[in-house]
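Input: a single structure, listed below in structure tokens.
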RNA sequence: GCGGAUAUGGCGGAACUGGCAGACGCGCCAGACUUAGGAUCUGGUGUCUUCAGACGUGCAGGUUCGACUCCUGUUAUCCGCACCA
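Numbering (this note's numbering), first residue to last: 7 to 812.
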């Protein structure tokens, strides 16, 4: 019989489906294990060859855990709200709901074709009103607790999507999604107070089993820094508050800088002699996008405020105040004390404007370059701080400032609150109404979900308002509180809303009374292993940790963190090593690969392609190698059918034990490529030594998480009991992983000369005797003296020789 | 600029706590079977070479009996952050 992968794959997918082999059981007695992948966005393009990489990896883990006796939850769903669908729908004059429905159907078919062991009875769709009802419900809780608030503020506005973006969605000054320019715009927006959780989001990382680069990235994004706030009196009779991480250098503060947007300017404006100049600078700064500002960062600009000066609280000196866009309005207090001697940016600015540079930390030459070392410096020119280390000076000055009531210790974060409104149709409606009398009023829980209106037109408006704003019938409603006239909020939620809690819904997808039932959450607890893309580190991953903590505070979930372990995969690149994209025309469609080689080959290749955590270029020739491997397995099994089934063949025993160990360990460590390599080696060994039925059966069990269809088919043909995916994961015997005879490397003066074969675990003396009687070694030793012998057990022997001294 | 990672044959990549560099696969070469092969099987495949060996893990040093692995310096590429005071 030939290996007819198409027929085989269909057959087993059907069997698994009918027997519900991969259904997770709530409340089972078995230990539970929750494996999660990031659910896909069902785009119109269908499944990309990049999708199966993380899916196959986690499918392997899920299948292995089941074989190890766990009750595994390995779910799938669709994150279906969002712009691409809406844009596609507008272009093709379809309803986003229809587009979504079609795309989900297509994705489902493609995912099933690859044989993933998802529990298909728990599928969720974020656009299903039964689902987004609970997304809205959580939002109302945020609102109730004061963590959702509306604020007028400058926001990132994507000129192409006609929609605001969260800070996390702006990459290099352009829209993360469409690459269009992002400009600043003043808008009134719903915000989520993620900053309230900054400290916990940071600290709790320590206890999590996340790969280091994820933790680092989140830490940098949260950006905690400790310092002090200090009030400077001004000649205008008021106070200017600054934040600094170097309060120790206060004696060196020779001028101040405030951001062009700083509020205090308004009250100073009348006193300014160069008012017009200042206003012109403000206007110029306002016109620039954030990106343009940083682009021009190379050259510092600024204007001195003529007419107001500040007083350095420790020196008593009057110092000038500047406005400059190198000071950000959104961080700290929007104002800084400038210490040009010990800060790169202040130094640069001072040099340009000819401002005095005072050394207050000794260790460098502040005329040449700012001295920023905080480890070795000693305070000078700093009155009562002189002679102290930087660290000691910090605590002393903070003590002093606190006592005087002009400053205090302060912690700041880079993390900003989350801009949560989007001016688009295809998202969850924000369940609030605005009443002239009562203000913002939540829609009562009993009236959830607030459904998206079913309308013909949902195109973007040019005014920057949500398309929902044009739907009078939907907008105009009555106030749930007073019954008077009210208007619905017309902005919708961002794409990240539905995905912030989806892992909870999988535990109990059909619950009508709660987002997740108490028993279900108690049983499943939290996700044990979550794999996803690095690009979500400061978006989805951070957002969902925030939501989870909030739900934890409400007492709705038992853990303060949603994911115990987080790993991440590299991208699949095009053949030339470039990113796969439609415009480059180098996109590989998984359907083509499955048609030509089968799903098992695709799965195997995508795991064999290279280090799972690194990017790897696709190679259409290398795919064939994996197909060839499966062909060889097939032939081997056909031959073994007539062979005995009692115990491993003695010749293969050591290799089998080694492979069981290697494959098992490698799966846990994301080393799928070497796991497959070891399976290939085992097959090579079987071909050389011959093999019996028991040998092949163990091979099939080990292979089954990677290439489940062929394993299942051959298992059946070899007369295996039950299903291959239901077999217990094999055990290995450490003692049996080593061959009876082993090869030892022989080095002379550190260089490999030859090898010898000795019995495993031979005594050193035996090894030395064998080596010394070796012809090659004897020749090399002629006329030389053996000074030293180094033996590494079962590995290597190194003979140190010297010319004989006469 | 700051932080992190990476650098190994023609290619993708292996190498445990310092112990036979190049596992496994692709490609290539030779042979077998073939009407045929872009199928299959067998063998070979780091470089140089006087066939004894010499040289080889970005580059320059160092530690060690022994270094892809540790240390110092340096270059390149990728990723993240990007005036965060």
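Yeah, the Cβ is synthetic: ideal placement off N, Cα and C, and Gly gets one too.
The model shown is predicted, which means the values in this text are computed figures rather than measured ones.
DSSP three-state label for residue i, please.
{"i": "residue 805", "result": "strand"}
{"i": "residue 302", "result": "Note on residue 302: pLDDT 49, under 50, position unreliable in the model; the coordinate value appears next. Of the three classes helix, strand and coil, the one that applies to residue 302 here is helix, per DSSP."}
{"i": "residue 262", "result": "strand"}
{"i": "residue 535", "result": "strand"}
{"i": "residue 473", "result": "helix"}
{"i": "residue 271", "result": "helix"}
{"i": "residue 739", "result": "coil"}
{"i": "residue 812", "result": "Because residue 812 carries a pLDDT of 48, less than 50, the predicted location of this residue cannot be relied on, and the following value inherits that uncertainty. Residue 812: coil per DSSP, three-state reduction."}
{"i": "residue 795", "result": "strand"}
{"i": "residue 385", "result": "strand"}
{"i": "residue 568", "result": "coil"}
{"i": "residue 512", "result": "coil"}
{"i": "residue 441", "result": "strand"}
{"i": "residue 23", "result": "helix"}
{"i": "residue 701", "result": "helix"}
{"i": "residue 667", "result": "helix"}
{"i": "residue 334", "result": "coil"}
{"i": "residue 18", "result": "helix"}
{"i": "residue 215", "result": "strand"}
Does the Cβ of residue i have 16 or more other Cβ atoms within 10 Å, making it buried, or fewer, making it exposed?
{"i": "residue 544", "result": "buried"}
{"i": "residue 796", "result": "exposed"}
{"i": "residue 613", "result": "buried"}
{"i": "residue 812", "result": "Note that residue 812 scores 48 on pLDDT, short of 50, meaning its location in the model is unreliable; the coordinates nonetheless yield the value given after this. By the 10 Å Cβ count, residue 812 comes out exposed."}
{"i": "residue 86", "result": "buried"}
{"i": "residue 390", "result": "exposed"}
{"i": "residue 15", "result": "buried"}
{"i": "residue 590", "result": "exposed"}
{"i": "residue 793", "result": "exposed"}
{"i": "residue 293", "result": "exposed"}
{"i": "residue 358", "result": "exposed"}
{"i": "residue 497", "result": "buried"}
{"i": "residue 46", "result": "buried"}
Would residue i pass as a contact of residue j if the rule is Cβ separation under 8 Å?
{"i": "residue 132", "j": "residue 504", "result": "yes"}
{"i": "residue 153", "j": "residue 202", "result": "yes"}
{"i": "residue 557", "j": "residue 621", "result": "no"}
{"i": "residue 629", "j": "residue 603", "result": "yes"}
{"i": "residue 444", "j": "residue 487", "result": "yes"}
{"i": "residue 533", "j": "residue 40", "result": "yes"}
{"i": "residue 334", "j": "residue 231", "result": "no"}
{"i": "residue 44", "j": "residue 490", "result": "no"}
{"i": "residue 624", "j": "residue 594", "result": "yes"}
{"i": "residue 681", "j": "residue 673", "result": "yes"}
{"i": "residue 1", "j": "residue 329", "result": "Not covered by the structure: residue 1. The range shown for the chain is 7 to 812."}
{"i": "residue 313", "j": "residue 279", "result": "yes"}
{"i": "residue 234", "j": "residue 407", "result": "yes"}
{"i": "residue 536", "j": "residue 512", "result": "no"}
{"i": "residue 499", "j": "residue 436", "result": "yes"}
Closer than 6 Å by C-beta to residue i: which residues in its own chain qualify, once you throw out the five before and the five after it? Chain order, please.
{"i": "residue 523", "result": "514 and 517"}
{"i": "residue 338", "result": "249 and 418"}
{"i": "residue 777", "result": "752, 762, 783 and 803"}
{"i": "residue 94", "result": "50 and 105"}
{"i": "residue 507", "result": "553"}
Spatial neighbours of residue i within its chain, please: C-beta separation below 7 Å, excluding the five flanking residues on both sides.
{"i": "residue 667", "result": "738 and 743"}
{"i": "residue 302", "result": "With a pLDDT of only 49 at residue 302, under 50, the local geometry of the prediction cannot be trusted, and the value read off the model is given with reservation. Result list for residue 302: empty, nothing under 7 Å."}
{"i": "residue 717", "result": "706, 709, 710 and 730"}
{"i": "residue 122", "result": "61 and 65"}
{"i": "residue 657", "result": "695"}
Can you give me the Cβ contacts of residue i inside the same chain, cut-off strictly under 8 Å, excluding the 5 residues immediately before and after it?
{"i": "residue 350", "result": "376 and 378"}
{"i": "residue 412", "result": "236, 237 and 319"}
{"i": "residue 3", "result": "Within the shown structure, residues of the chain are numbered from 7 to 812, placing residue 3 beyond reach of any answer."}
{"i": "residue 25", "result": "729"}
* To do: Kindly provide the ranges of any beta strand (DSSP E) runs that are 3 or more residues long and lie completely inside the region 234-259, ordered along the chain.
  => Runs of beta strand (DSSP E) with 3 or more residues, each lying fully within the region 234-259, are found at 245-250, listed in chain order.
* Asked: Where are the beta strand (DSSP E) runs, 3 residues long or more, that stay fully inside the region 336-393, in chain order?
  -> The qualifying runs are 341-344.
* Let me know the beta strand (DSSP E) ranges lying completely inside the region 122-205, each 3 residues or longer, listed in chain order. => Correct list: 154-164, 169-171 and 188-198.
* **Length-filtered (3 minimum) beta strand (DSSP E) runs lying within the region 389-419** => Residue ranges of uninterrupted beta strand (DSSP E) with 3 or more members, entirely inside the region 389-419 and ordered along the chain, are 413-419.
* **Entirely enclosed beta strand (DSSP E) segments - the region 46-106, minimum 3 residues** => Fully enclosed beta strand (DSSP E) runs of no fewer than 3 residues occupy 77-79 of the region 46-106, in order along the chain.
* To do: Quick one: which unbroken alpha helix (DSSP H) runs of 4-plus residues sit fully inside the region 547-607? Chain order, please.
  => With a minimum length of 4 residues, the continuous alpha helix (DSSP H) runs that stay inside the region 547-607 are 596-603.
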